[in-house]
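J.: So the protein lines, in turn, are chains A and B. So the mapping is simple: this note's numbering equals the position in the first sequence, first residue as 1, plus 115. So the mapping is simple: this note's numbering equals the position in the second sequence, first residue as 1, plus 38. Starting off with a structure, shown below.
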Amino acid sequence: DTAVSQTPKYLVTQMGNDKSIKCEQNLGHDTMYWYKQDSKKFLKIMFSYNNKELIINETVPNRFSPKSPDKAHLNLHINSLELGDSAVYFCASSQEWGGTSPSRGYTFGSGTRLTVV
Amino acid sequence: AQKITQTQPGMFVQEKEAVTLDCTYDTSDPSYGLFWYKQPSSGEMIFLIYQGSYDQQNATEGRYSLNFQKARKSANLVISASQLGDSAMYFCAMREVNDYKLSFGAGTTVTVRA
Chain A
116 DTAVSQTPKY LVTQMGNDKS IKCEQNLGHD TMYWYKQDSK KFLKIMFSYN NKELIINETV
176 PNRFSPKSPD KAHLNLHINS LELGDSAVYF CASSQEWGGT SPSRGYTFGS GTRLTVV
Chain B
39 AQKITQTQPG MFVQEKEAVT LDCTYDTSDP SYGLFWYKQP SSGEMIFLIY QGSYDQQNAT
99 EGRYSLNFQK ARKSANLVIS ASQLGDSAMY FCAMREVNDY KLSFGAGTTV TVRA
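Structure representation (structure tokens):
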């Protein structure tokens, strides 16, 4: 009955490899996100999809490519991994705006710790 | 420009005492939401409390309360009767009505001493 689930939880890989992180939510939310938490614990938005449409694409290297096959899934594929990609990646989902007030329904997955060696 | 500022990188608090974590924000949107999240050493992000910009009263959730001062653009989190399990990193975040994303502060690490 997990609300937002990410796999894998840990990922250790060599430089230059390509890897994917998967995310699924069963909350019926329309919007999904990828956040990156760096070594200093700072959280920064990477991408957001609303109903399978890309709506936020921050200044992220184009080695990172999100894919949303349906509104319940948002995957993150990373090509040619670099040492600096080592971080914790969080998937999250949220409801649409309710009237004039932001929704409080913002739910995070448990994170994927990516280590590039 | 930084939208959320948390000026306390780390704090120590004695068990059973209250602690206040500071958060100031910057926005020109009249409609926004303010959030606090807890991140324990296990790494997950746990939602604690929410305050809407139009809410007249300060939000409370159990031992957590949010001291919302709109004119000063501050949204401080108060944890009452601290417990050892409250030791964690705490993040303040904001979502503006014209934006989907949450913007986070740098976080405050709280260590509760027995």
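Built from N, CA and C at the ideal position, the CB exists for glycine as well. Note that this is a predicted model, so its numbers are computed, not measured.
From Q89 (chain B) to G100 (chain B), what distance separates their C-alpha atoms?
T.: One-based indexing of the second sequence puts residue 89 (chain B) at position 51. One-based indexing of the second sequence puts residue 100 (chain B) at position 62. Spanning the two alpha carbons is a distance of roughly 14 angstroms.
J.: For the stretch 165-177 of chain A, which residues have a beta carbon sitting closer than 9 angstroms to at least one beta carbon of chain B?
T.: N165, I170, I171, E173
J.: Looking only at its chain, what residues have a beta carbon closer than 8 angstroms to the beta carbon of P123 (chain A), apart from the 5 residues adjacent to it on each side?
T.: Within the first sequence, numbered from 1, the residue matching residue 123 (chain A) stands at position 8. Closer than 8 angstroms at the Cβ level, and outside the excluded window around P123 (chain A), lie I136, T227.
J.: Along the chain, where does the beta strand (DSSP E) containing C206 (chain A) start, and where does it finish?
T.: Looking up residue 206 (chain A) in the first sequence gives position 91. Here the beta strand (DSSP E) through C206 (chain A) covers 202-209.
J.: Please classify L191 (chain A): does DSSP put it in a helix, a strand, or coil?
T.: Here residue 191 (chain A) corresponds to residue number 76 of the first sequence, with the count starting at 1. Three-state DSSP puts L191 (chain A) in a strand.
J.: Which chain B residues sit within Cβ distance under 8 angstroms of S225 (chain A)?
T.: For the purposes of this step, residue 225 (chain A) is taken as the residue at position 110 of the first sequence. S225 (chain A) reaches chain B at G81, E82, counting residues in chain order whose Cβ is nearer than 8 angstroms.
J.: Going by DSSP in three states, G123 (chain B) sits in which element: helix, strand or coil?
T.: Your numbering for residue 123 (chain B) matches position 85 in the second sequence. Helix, per DSSP.
J.: Taking 9 angstroms as the threshold (C-beta atoms), are R110 (chain B) and F73 (chain B) in contact?
T.: Numbered from 1 along the second sequence, position 35 holds the residue referred to as residue 73 (chain B). Numbered from 1 along the second sequence, position 72 holds the residue referred to as residue 110 (chain B). Against a cut-off of 9 angstroms, the Cβ pair of R110 (chain B) and F73 (chain B) comes out as no contact.
J.: Reducing DSSP to helix, strand and coil, say where G199 (chain A) ends up.
T.: Within the first sequence, the letter at position 84 stands for residue 199 (chain A). The answer is helix: DSSP assigns G199 (chain A) an H, G or I state.
J.: Which term fits K54 (chain B), buried or exposed, when burial requires 16 or more other beta carbons within 10 angstroms of its beta carbon?
T.: Here residue 54 (chain B) is taken as the residue at index 16 of the second sequence, counted from 1. So K54 (chain B) ends up on the exposed side.
J.: Tell me, please, whether the stretch 75-91 of chain B touches the stretch 165-174 of chain A by the rule of three or more beta-carbon pairs shorter than 8 angstroms.
T.: no
J.: Note down the Cα distance separating Q107 (chain B) from L126 (chain A), rounded to an integer number of angstroms.
T.: As a first step, residue 107 (chain B) must be located in the second sequence, where it is residue number 69. As a first step, residue 126 (chain A) must be located in the first sequence, where it is residue number 11. Computed Cα separation, rounded: 42 angstroms.
J.: Which partner residues of L59 (chain B) appear in the DSSP bridge assignment?
T.: Numbered from 1 along the second sequence, position 21 holds the residue referred to as residue 59 (chain B). Per DSSP, the beta bridge partners of L59 (chain B) are B:L115.
J.: Suppose contacts are defined by Cβ-Cβ distances below 9 angstroms. Is G143 (chain B) in contact with A126 (chain B) by that definition?
T.: Locating residue 143 (chain B) in the second sequence gives position 105, counting from the first residue. Locating residue 126 (chain B) in the second sequence gives position 88, counting from the first residue. Result no, Cβ atoms of G143 (chain B) and A126 (chain B) do not sit closer than 9 angstroms.
J.: Residues of chain A with CB closer than 8 angstroms to the CB of Y138 (chain B), please, in chain order.
T.: For the purposes of this step, residue 138 (chain B) is taken as residue 100 along the second sequence, with counting starting at 1. Neighbours of Y138 (chain B) on chain A, chain order: T146, Y148, S163, N165, I170, I171, S209.
J.: According to DSSP, is K182 (chain A) helix, strand or coil?
T.: Against the first sequence, residue 182 (chain A) aligns to sequence position 67. Note: K182 (chain A) maps to strand in three-state DSSP.
J.: Just to confirm the assignment, what range does the beta strand (DSSP E) spanning R228 (chain A) have?
T.: In the first sequence, the residue the question calls residue 228 (chain A) occupies position 113. Per DSSP, R228 (chain A) belongs to the beta strand (DSSP E) from 227-231.
J.: So, does the stretch 140-155 of chain A touch the stretch 196-211 of chain A, judging by three or more C-beta pairs under 8 angstroms?
T.: yes
J.: Between the alpha carbons of P68 (chain B) and Q40 (chain B), how many angstroms are there, rounded?
T.: On the second sequence, residue 68 (chain B) is found 30 positions in, with the first residue counted as 1. On the second sequence, residue 40 (chain B) is found 2 positions in, with the first residue counted as 1. So the two alpha carbons sit approximately 18 angstroms from each other.
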